[in-house]
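In UniProt numbering, the protein residues as written are 1 to 1023. A quick write-up on the structure given underneath.
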Amino acid sequence: MGKLKKISVKSLLLYTVPPLVILLATIITITAAMLFYADSMDVIFGRGGRVVVPSENTADWDTEYYHKQFSAALGEEGSRANGARVTKQIADEGIVLMKNDGVLPLTRGESVTPFGYRYIHPIYGGTGSGNTDVSEDYGWSAADCLKKYFKVNLDAEHRLMDSVPVQLTATSADKAFSEEDGDTEFAEASNSIYEFESSVYSGIEQTFENTVGVVFIGRIGGEGSNIPHEPFYMNRAPHALALSDYEKEAIAVAKRFCKAVVVVLNTSNTMEIAPLMEGEYEADAIIWIGGPGSMGFDSLADIMCGVVNPSGRTVDIWERDMLSNPVMSNYKEQLYTNTSDICIAGKNNRRFPPGVYFLEYEEGIYYGYRYYETAAVMDSGFAYGSLDSLGGTAFQGAVTYPFGYGLSYTSFEQRITDFSDDGEEIIVTVEVKNTGGVDGKEVVQLYYSAPYTQTDRQYGIEKAAKNLAAFKKVSVEAGESVTVKLGILKEDMASYCYTRANEDGTVGSYFLEEGTYRIILGKNSHEEWDSCYTSISEGIWYSGENLRSGDRAAQSELDERGRPLDFPACIRENKDADFVAATNQFQDSSDYMNSEATIFSRADWKGTFPKSTATKALSEERVAECSNFDPYNDPVLGMDVPGSATYTEEAPTSGADSGLKLSDMRGVGYYDEMWNTYLDQIDYSEEAVIKMIFSSRYSTAEVECIGKVETTDLDGSHGIKITGASDLLATCAYCTEVVLASTWNTALAYAYGEAVGQECLTLGVNGWYAPALNVHRSPFGGRNFEYYSEDPLILGKMAAACVSGAASQGTVCYIKHFGMNEFEDKAINTCCWATEQTIREIYLRGFEIVVKEARATISYIADGEGNTAHRTMRACTAVMAAGTLMGAKWAAADYNLLNNVLRTEWGFQGVVTTDIAPQATPNVAYKCIFAGSDLRMSYNPGDTSIMNTAAGKAVARRAVKNICYAYANSNVTNGLAPGSTAYYAISPWKVGLIIANVAVYAVIISVTAFVVWYILKQRRSGL
């Protein structure tokens, strides 16, 4: 105590008060931030255990609607291991053997020498929100691959491991998102190219003799930036998808000293690889593995050794000169000159920069194989190119490898054995014969070629020379044959005409033109096995009451077995409702293209070939459309405009006490009157109602008034994940979507969805922001690894199977990014312009297939006795709108897109969420919700005061219904009898936060008490 008397009160206060203030401010800030982002904290660090509050007399009811097959995520019998087994099967069938002069398969024990940076650092997926984390405890590396069956040259391996690569590109993606912007979620979205100098192999060349050189070449894409298509590394390569000098030098070394060279292409983007097929750098074998995920390198080992017979087929065209295709003229950042200071996303930083940018899809439907096949017909001087039987160049041309191409260790023959046409559907019977000595799998590919006539020129209808119409993968034993039947609906060969005036006053419809249609049994998009013909005697306009049968089925009520009935489902809500044919919904986009751009057309093939767009301004009306929204007076969505989509004179019923919970709504049809009774319970003063709608990033909130349970929704286009939490979530890293598509096997896509669904059940995840359905418009697309293919049919069929599989396990799949989202640089500020034919036939087609075709059979409690019934329903119950603009309208705020097309024409029933982009401005958020989005992907709800109006409450009621319909029929209600609900106990991180708060405040109080005591003591002592 003697020492304490020597300390002055002033000094004591100086040493204690500032630290206490800092400590208090710190704990208050940390606590406030963690509670504000509580939903995200739950996702990252885990929430408390689920507690079921059962309804009376239901304890013995069977409410296990989905059977969790795994008690844990980890371990050999865990859900992650199950996912790994599935992704192994996908890689087995998705890896494409492109060239093989007989070097493959290698014999076991063969000596191999690895080359290339990507042997040491393989690419497993991509970067950004769809990135992949491959844990060493179960994932396979490139080194694991070669060591499984072969003797690896350890001198070469050690040299590579000890060497420092050269960074050949420093792209905008490396600095696209930084901490100074306050958002580090995509900080790793880099697509730089690294490679070793050839000098790293100096001095060990003698160890290469009598070995097979295996050269690994990789490219990586990611969210936020496209693959650079400008010259790089001192202009020594034309773009980032061409081979660099370093890669060529590595191949040259391998060719000089090894007895054979195998090149492994570790890239989800196609590349210019003609040098590997001919001349100085020609490889003996080329294998494409895409983004192989956790198990793809195991598959590569099995394929290289012959344990697995490769059966993958390309799902994109491979070009000799990518920059010469018609897309690339307008595949770049283009700023409207009068918008440089306009921040349409409401912020001004690297992620939300000022300015309105534009893309004009002048190529229309002529991109990828559609362009090259049409060019081969239209231009007599066009050189397509051809391959020899080993996958090398036979004749140089524009295409190196066609769409649908791939080699096998066996040989096949296909022929059409029967053909039938009942007027609506064509059935083609194909015999597939394995003429080799090894069991294998083959893909049957049917294409069609439609007549192009004066009628098409008159109406501005474009038609590609070939279009994929149907496909199926089959297993055929050596020397055996199998028979396959494939069907093509004639209406699926119709083209969309956006210029025809219909009899009912609308404009635009699908048109099946009269004439002869050629049905092609293709080896790939260019080579053919066989063909046959069908005729359309009279053209059919699918307008008015004569809509396509697929549209009628999509809009129909379904019976319990999922069969369409003969009346529209919405008639239960509107007795005057009728079936609706497709008509123009993107008129402004078509008008823009016809006035501001040149549309590539067969009517003038050479004269309309796309050219770079000149500098231009955007009209004031369109600037206002994309940057402003008046929620009161907007003619389409204004709350005060009679007849608008949101206008109402009375607020909806609220606060009713019917006792219904979300669990009661399982199995209840979307238009059932019971939904009105349920929604009448909404208490609009409950904060959680608006929070759920306006702040649902990776979760949706618990809403007590309607008994809705909190949900967890995760990202990841090839396996569930959230950036920053991959290590905490024991989930499988699957192959990239393009590898899955390359299997051409919808059964595997279904199994993939099932496996992800089981992971969701194991981990307590309810929603999955996947699969991604955007089109590979260009090989330079930064997120091509997240998307399936350039072809909308194959991506639609594969995604429909995936969604069906995941939904069978109760997972809500948010198919994304609905709209046009094929360009990454400044995508959120970009207006995407195309004709309505292009929009519908290419960029919306895959989504249309999923919405119409995905199915799941659910079980539910059918009565008060606990009896179980089953119902087959549409499995696609969730959509994520693109963050880009369709024309001058945000996709997430485009009423025509979300309502007239998605919900009316396609019969979609469920929830729509925005992407993360159109968030910062309150009016943009309002526009999204008013126009048909139900969830706003954001941590912060922002200003929601307008939702207190009668119209705002009506909009909220609609959103709540769509959200609850999707989740009532998901694993959210697993284990819940009607009338039951559930909640989550306090999260472990909250317990830790409470302990930290108690400890800190205890310290603050103790120190404060001591200081007060000391001051009083000193005063009593007269000091």
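Ideal Cβ placement from N, Cα and C applies to all residues, glycine included. Here the structure is a predicted model, which means the values were calculated and not measured.
Which word fits residue 821, buried or exposed, when buried means at least 16 other C-beta atoms lie within 10 angstroms of its C-beta? With 16 or more Cβ atoms within 10 Å of its Cβ, residue 821 is classed as buried.
For residue 454, which three-state DSSP category applies? It is helical.
For residue 494, which three-state DSSP category applies? Here residue 494 sits in coil by DSSP.
Looking at residue 831 and residue 327, is the spacing between their C-beta atoms short of 8 Å? Result no, Cβ atoms of residue 327 and residue 831 do not sit closer than 8 Å.
According to the neighbour-count rule (16 or more other Cβ atoms, all chains shown, within 10 Å of its Cβ), is residue 809 buried or exposed? Answer is buried; the Cβ neighbour count reaches 16.
At least 3 beta-carbon pairs within less than 8 Å: the stretch 941–952 vs the stretch 672–681: With the cut-off at 8 Å, the stretch 941–952 and the stretch 672–681 do not touch.
Assumed close pair residue 239, residue 247 - CB separation to whole angstroms, cut-off 8 Å: Not really, about 14 Å apart at Cβ, beyond 8 Å.
Which of helix, strand or coil DSSP assigns to residue 45: Here residue 45 sits in helix by DSSP.
So, helix, strand or coil for residue 62, using DSSP? Reduced to three states, the DSSP call for residue 62 is coil.
Going by alpha carbons, who is nearest to residue 923 out of 938, 905, 944? When each option's Cα is compared against that of residue 923, the closest is 944.
Mapping DSSP to helix, strand and coil, what is residue 1031? As displayed, the chain neither begins before 1 nor continues past 1023, which places residue 1031 out of reach and without an answer.
Where does residue 1019 sit, in a helix, a strand or coil, going by DSSP? Looking at residue 1019 - three-state DSSP - the assignment turns out to be helix.
DSSP state of residue 788 mapped onto helix, strand, coil: Here residue 788 sits in coil by DSSP.
Could you name the residues of the same chain whose beta carbon sits closer than 8 Å to that of residue 507, not counting the 5 residues immediately before and after it, in chain order? Listed in chain order, the non-local C-beta contacts of residue 507 below 8 Å within the same chain comprise 498, 499, 500, 501, 583, 584, 587, local neighbours out to five positions each way being set aside.
By the three-class DSSP mapping on this structure, what secondary structure does residue 360 have? Three-state result, residue 360: strand.
Do residue 963 and residue 937 have their beta-carbon atoms positioned less than 8 Å apart in this structure? Contact: no.
Which residues does DSSP pair with residue 467 in a beta bridge? Beta-bridge pairing links residue 467 to 448.
So what does DSSP say about residue 878, is it helix, strand or coil? Under the three-state reduction of DSSP output, residue 878 falls in the strand class.
What does the Cβ neighbour count give for residue 187, buried or exposed, with the cut at 16 atoms within 10 Å? For residue 187, the predicted structure reports a pLDDT of 38, less than 50, and the residue's modelled location is therefore unreliable. A value from the coordinates is still provided. By the 10 Å Cβ count, residue 187 comes out buried.
Quick one: grab the DSSP three-state call for residue 767. The DSSP-derived three-state label of residue 767 is strand.
Answer with buried or exposed for residue 458, where buried requires no fewer than 16 other C-beta atoms within 10 angstroms of its C-beta. It counts as exposed.
Other residues of its chain near residue 37: CB distance less than 8 Å, five sequence neighbours each side excluded: Excluding residues up to 5 positions away in sequence, 939 lie with their Cβ nearer than 8 Å to the Cβ of residue 37 in the same chain.
Find out if the Cβ-Cβ distance for the pair residue 225, residue 824 is shorter than 8 Å. A distance below 8 Å separates the beta carbons of residue 225 and residue 824.
When the Cα atoms are used, what is the spatial distance from residue 816 to residue 1000? C-alpha separation (whole angstroms): 45 Å.
Taking Cβ positions, are residue 84 and residue 138 nearer each other than 8 Å? Against a cut-off of 8 Å, the Cβ pair of residue 138 and residue 84 comes out as a contact.
Which residue spans inside the stretch 677–744 form an unbroken beta strand (DSSP E) run of at least 3? Within the stretch 677–744, the complete beta strand (DSSP E) runs of at least 3 residues are 711–714.
How far does the alpha helix (DSSP H) with residue 488 in it extend, from its first residue to its last? Residue 488: not part of any alpha helix (DSSP H); member of the beta strand (DSSP E) spanning 481–489, first to last residue.
To the nearest angstrom, how far is the alpha carbon of residue 629 from that of residue 647? Near 16 Å, if we compare the C-alpha coordinates of residue 647 and residue 629.
Output yes or no for whether 8 Å exceeds the beta carbon distance between residue 668 and residue 686. For residue 668 and residue 686, no; Cβs fall outside 8 Å.
Per DSSP, which one or two residues make a beta bridge with residue 829? Answer is none; residue 829 lacks a bridge partner.
Taking only runs that begin and end inside the stretch 285–341, name each unbroken beta strand (DSSP E) of 3 or more residues, in chain order. As far as the stretch 285–341 is concerned, its whole beta strand (DSSP E) runs of at least 3 residues are 285–288.
Taking the beta carbon of residue 10 as the centre, do at least 16 other beta carbons fall within 10 Å, making it buried, or is it exposed? Burial is judged here by how many other beta carbons sit within 10 angstroms of a residue's own beta carbon; residue 10 has fewer than 16 and is exposed.
Report, in whole angstroms, the separation of the C-beta atoms of residue 972 and residue 709, which I expect to be a contact under 8 Å. Right, their Cβ atoms sit about 5 Å apart.
Would you be able to state if there are at least three C-beta pairs under 8 Å between the stretch 795–815 and the stretch 558–565? Between the stretch 558–565 and the stretch 795–815, the count of Cβ pairs shorter than 8 Å is below three; the stretches do not touch.
How is residue 167 classed by DSSP in three states: helix, strand or coil? Residue state, collapsed to three classes: strand.
CA-to-CA distance, residue 236 to residue 196, given in whole angstroms: Approximately 16 Å, taken between the alpha carbons.
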